[in-house]
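When the count follows this note's numbering, it moves up by one through the sequence shown with no breaks and lands on 303 for the last residue. Below is one structure; the comments refer to it alone.
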Amino acid sequence: MSRAPRVTFVRDAVVAILVLVGLYALSFGVQFPPVQIPGYLLIVGFDLLEVAFGSAGVNFNLLFAAYIVGLGLVGAAVAHFLRLGGRATDLPQWRLGVAGALAIVGTISLLFGLRVFLVSTERTPVLVTGAAGIVLLALAGWFSGLYRIEFGPTQ
């Protein structure tokens, strides 16, 4: 592996981690429920890991930070695959790191909605997390250059 792909992966990972930390911080800093959903989904994903592997206990903060870093690395891998199949080369490259992070949270959202749908008769959480997942995946597609939305006059 040459130096350039490693540097690109590290940059994508840092951007994805910063986006995930920002989404988590929004869940506490902004008291507007739709903005809090992605942060809540990050917590739900970690809770599912705690169910599978046992409670984090006093190491919660350390393990949650490791979880966010791990998701950031997965987001960087998603960004790498988006870069391989990307058509838009005029986009700033940091946008792929953002797209990777949003794709991860969107996927968590859809999986959580599916889990609730399969084990419960409640439909409100399914609709909320399904809509949030679709919005996050749509944003990921826009950030990655999968499609463009032009505002104003175009020449």
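For every residue, glycine included, the Cβ atom is placed at its ideal position computed from N, Cα and C.
Query: Is the number of C-beta pairs between the segment 260-270 and the segment 285-303 that are closer than 8 Å three or more?; Result: no
Query: Would DSSP call GLY254 helix, strand or coil?; Result: helix
Query: Contact between the segment 169-176 and the segment 185-204 is defined here as three or more beta-carbon pairs at a separation below 8 Å; is this criterion met?; Result: yes
Query: Can you list, in chain order, the residues of its chain whose CB lies under 6 Å from that of LEU211, leaving out five sequence neighbours each side?; Result: ALA204
Query: Whole angstroms is fine: what's the gap from GLN179's alpha carbon to SER268's?; Result: 28 Å
Query: Considering TYR188, what are the terminal residues of the alpha helix (DSSP H) in which it resides?; Result: 181-201
Query: Alpha carbon to alpha carbon, how far is GLY248 from TRP242?; Result: 10 Å
Query: Taking LEU197 as the reference, give the member of ASN207, GLN184, TYR215 and ASN209 with the closest Cα.; Result: TYR215
Query: Straight-line CA distance for ALA288 to LEU250?; Result: 5 Å
Query: So, GLY223 versus ALA164, is the Cβ gap smaller than 7 Å?; Result: yes
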